[in-house]
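A short write-up of the structure that comes next.
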Ligand code: AMP
Ligand code: MG
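In our numbering, the protein residues as written are 8 to 344.
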């Protein structure tokens, strides 16, 4: 199959493909999504095939008008409504009890559905033109870093999907924040561009799922199936180092060798004696989020085989950066006091 790169003015072509049950790579403000008609179970099943995604990992349904929530969920609770009013359109996904129109392929057999209203104008226009909610996971091969440019999508999925709409580089750069309001006290399942602090400012104290910061024990009950898989991994072996800039750079330099590199912050650059990629300043979490996935892909282009990543601080959007980096490192962390 030939994979066409479409421009934003070709949205009608993308919308027709979605209506016909085909898959389209689409830009959002978080990462690129691989979209299909969320109400067509057969089309949605093809997303899993194209990505090699485990069938038990449910998808997020993207909408472009709030009214759509009412037919997709059986309970749009007061808390969910407050969150939607404050953060939509934007990078927040809300898990709610699903209605009967949601195919099993979307919810992976769960009785809930994850819904988001993206703010990217191309995503919004595509959903409206297709006249149906669009189910879309990140448009990468399962396990690899999520795509933040049309070119990343092309590299992973060329020949497997008919089209990708090029909407430029994604602004946020990490996947959406996921919160469930389906089981009593709302719980953060995945950190993202909307922070824990911002959410608590709107609906009060929430819980943070154990899987956000920690590796889940073998066989543990998982609320968000996506959290149990190894993720965002470049080919290089990534090791996360929790340390001051000074201790970090000394440690990396002492391990200098063929194929050894660093994923660091601006403050570390001067002292490093190995090839590196910087994510930005250590306190600039927004830039770190924006740069992370492209940086992880670039490590492979540099031919690195062992990468020491300087651990980000898990506050604000930094919590989302931490959550992704620790997964790309397979939870391998070294702390230097
Ligand atoms: P992706 O779109 O590839 O970033 O993955 C979507 C994320 O949302 C995964 O971590 C899923 O496990 C999670 N998710 C989607 N639907 C649900 C749901 N109904 N309940 C809990 N988590 C969900
Ligand atoms: Mg993904």
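From the three backbone atoms N, C-alpha and C, an ideal C-beta is built for every residue, glycine too.
**Asked** Are the CB atoms of residue 299 and residue 328 nearer to each other than 8 Å?
**Response** As a working note, residue 299 is residue 292 in the chain shown. As a working note, residue 328 is residue 321 in the chain shown. Yes.
### Query
When the distance is taken between beta carbons, is residue 25 closer than 8 Å to residue 42?
Position 35 of the chain shown, counted from the start, is the residue given in the question as residue 42. Position 18 of the chain shown, counted from the start, is the residue given in the question as residue 25. The answer is yes: Cβ separation under 8 Å.
- Message: Relative to the C-alpha of residue 262, which candidate in 295, 316, 242, 286 has its C-alpha closest?
- Response: What you label residue 262 is simply residue 255 of the chain shown in a count that begins at 1. If we check each option's Cα against that of residue 262, 316 comes out closest.
- Task: Measuring alpha carbon to alpha carbon, tell me which of 45, 102, 157 ends up nearest residue 109.
- Result: Here residue 109 refers to the residue found at position 102 when the chain shown is read from its first residue. Ranking 45, 102, 157 by Cα distance to residue 109 puts 45 first.
Item to complete: Check the DSSP bridge columns for residue 283 and list the partner residues they point to.
Response: Start at 1 with the first residue of the chain shown, and residue 283 comes out as number 276. For residue 283, which the question treats as bridged, DSSP gives the partners 269.
* Asked: Where DSSP assigns a beta bridge to residue 145, which residues make up the other side?
  -> As a working mapping, residue 145 is identified with position 138 in the chain shown. 40, per the DSSP bridge assignment.
Beta-carbon separation of residue 152 and residue 8 under 8 Å?
Taking the chain shown and counting its residues from 1, the one referred to as residue 152 is at position 145. Taking the chain shown and counting its residues from 1, the one referred to as residue 8 is at position 1. Not closer than 8 Å, so no.
Quick check on residue 127: does DSSP put it in helix, strand or coil? The residue labelled residue 127 in the question sits at position 120 within the chain shown. Three-state result, residue 127: coil.
Hey, how far is the Cα of residue 342 from the Cα of residue 123?
Here residue 342 corresponds to residue number 335 of the chain shown, with the count starting at 1. Here residue 123 corresponds to residue number 116 of the chain shown, with the count starting at 1. Answer to the nearest angstrom: the Cα atoms are 37 Å apart.
* Asked: So what's residue 197 in DSSP terms, helix, strand or just coil?
  -> Position 190 of the chain shown holds residue 197. It is a strand residue.
Do you know offhand how far residue 240's Cα is from residue 223's? Taking the first residue of the chain shown as position 1, residue 240 is located at position 233. Taking the first residue of the chain shown as position 1, residue 223 is located at position 216. One C-alpha to the other measures close to 18 Å.
Straight-line Cα distance separating residue 149 from residue 197 = If you number the chain shown from 1, residue 197 lands on position 190. If you number the chain shown from 1, residue 149 lands on position 142. Taking the straight line joining both Cα atoms gives about 17 Å.
Validate contact between the stretch 88-106 and the stretch 181-188 using beta carbons, cut 8 Å, 3 pairs:
yes
Looking at the structure shown, is residue 16 part of a helix, part of a strand, or coil, going by DSSP? The sequence position of residue 16 within the chain shown is 9, counting from 1. Here residue 16 sits in helix by DSSP.
Review point. Can the beta-carbon of residue 238 be found closer than 8 Å to that of residue 305?
Key: Here residue 238 corresponds to residue number 231 of the chain shown, with the count starting at 1. Here residue 305 corresponds to residue number 298 of the chain shown, with the count starting at 1. In this structure, residue 305 does not lie closer than 8 Å to residue 238 by Cβ.
Between the stretch 117-135 and the stretch 69-88, do at least 3 Cβ pairs fall closer than 8 Å? yes
What are the boundary residues of the alpha helix (DSSP H) that includes residue 329?
Taking the chain shown and counting its residues from 1, one reaches residue 329 at position 322. Start and end: 325-335.
The ligand AMP and residue 5: does the residue's C-beta get closer than 7 Å to at least one heavy atom of that ligand? Here the chain has residues from 8 to 344 only, and residue 5 is not among them.
Count the C-beta pairs between the stretch 164-181 and the stretch 31-42 that are closer than 8 Å, then say yes if the count reaches three, no if not.
yes
Mind checking residue 331: buried by the 16 CB within 10 Å criterion, or exposed? Within the chain shown, residue 331 is the residue found at index 324, counting from 1. The residue is buried, with at least 16 neighbouring Cβ atoms inside 10 Å.
Q | 3-residue-minimum beta strand (DSSP E) runs that sit fully inside the stretch 30-112, ordered along the chain | A | 31-33, 40-44, 67-69, 99-104
| 7 Å Cβ shell around residue 271 - same chain, five flanking residues per side excluded | One-based indexing of the chain shown puts residue 271 at position 264. Within the same chain, residue 271 has close Cβ partners 279, 283, 285, 317.
Per DSSP, what are the beta-bridge partners of residue 214 in this structure?
Walking along the chain shown from the start, residue 214 turns up at place 207. Answer is 194, bridged to residue 214.
- Message: Rounding to the nearest angstrom, what Cα-Cα distance links residue 12 and residue 181 in this structure?
- Response: Here residue 12 refers to the residue found at position 5 of the chain shown. Here residue 181 refers to the residue found at position 174 of the chain shown. Between residue 12 and residue 181, the C-alpha separation is close to 22 Å.
Does the beta carbon of residue 119 fall short of 7 Å from some heavy atom of the ligand AMP?
Along the chain shown, read from residue 1 onward, the residue named residue 119 stands at position 112. True, at least one ligand heavy atom lies under 7 Å from that Cβ.
Next on the checklist: Rounded to whole angstroms, what is the Cα-Cα separation between residue 243 and residue 213?
Outcome noted: Here residue 243 is taken as the residue at index 236 of the chain shown, counted from 1. Here residue 213 is taken as the residue at index 206 of the chain shown, counted from 1. If I take the Cα positions, the gap works out to 36 Å.
Problem - Three-way DSSP call (helix, strand, coil) for residue 343 in this model - result: To locate residue 343, count along the chain shown from 1; it is residue 336. It is coil, neither helix nor strand.
Quiz item: When DSSP labels each residue in this structure, what does residue 229 get in the three-state scheme?
Solution: The sequence position of residue 229 within the chain shown is 222, counting from 1. Three-state DSSP puts residue 229 in coil, outside helix and strand.
* To do: Taking all protein chains shown into account, decide if residue 58 is buried (16 or more other Cβ within 10 angstroms of its Cβ) or exposed.
  => The residue labelled residue 58 in the question sits at position 51 within the chain shown. Residue 58 is buried by the Cβ-count criterion.
Measuring straight from C-alpha to C-alpha, what distance separates residue 357 and residue 62?
Residue 357 cannot be examined here, being either before or after the span of the chain that is shown, 8 to 344.
Q.
I need the boundaries of the alpha helix (DSSP H) containing residue 259, first residue and last residue.
A. As a working note, residue 259 is residue 252 in the chain shown. Unbroken alpha helix (DSSP H) run through residue 259: 252-261.
Discussion item. Since residue 111 and residue 48 should fall inside the 8 Å C-beta cutoff, what is the C-beta to C-beta distance between them, to a whole number of angstroms?
Written reply: On the chain shown, position 104 is the one that residue 111 refers to. On the chain shown, position 41 is the one that residue 48 refers to. Going by Cβ atoms, the distance from residue 111 to residue 48 rounds to 7 Å, so yes, they are a contact pair.
**Message:** Can you find the residues in the same chain that come closer than 6 Å, C-beta to C-beta, to residue 167, ignoring five residues on each side of it along the sequence?
**Reply:** Counting from 1 along the chain shown, the entry for residue 167 is found at position 160. Same-chain partners within the cutoff: 57.
**Asked** Between residue 196 and the ligand AMP, is the CB less than 7 Å from at least one heavy atom?
**Response** Residue mapping note: residue 196 aligns to position 189 of the chain shown, counting from 1. Checking every heavy atom of the ligand AMP against the Cβ of residue 196, one is found closer than 7 Å.
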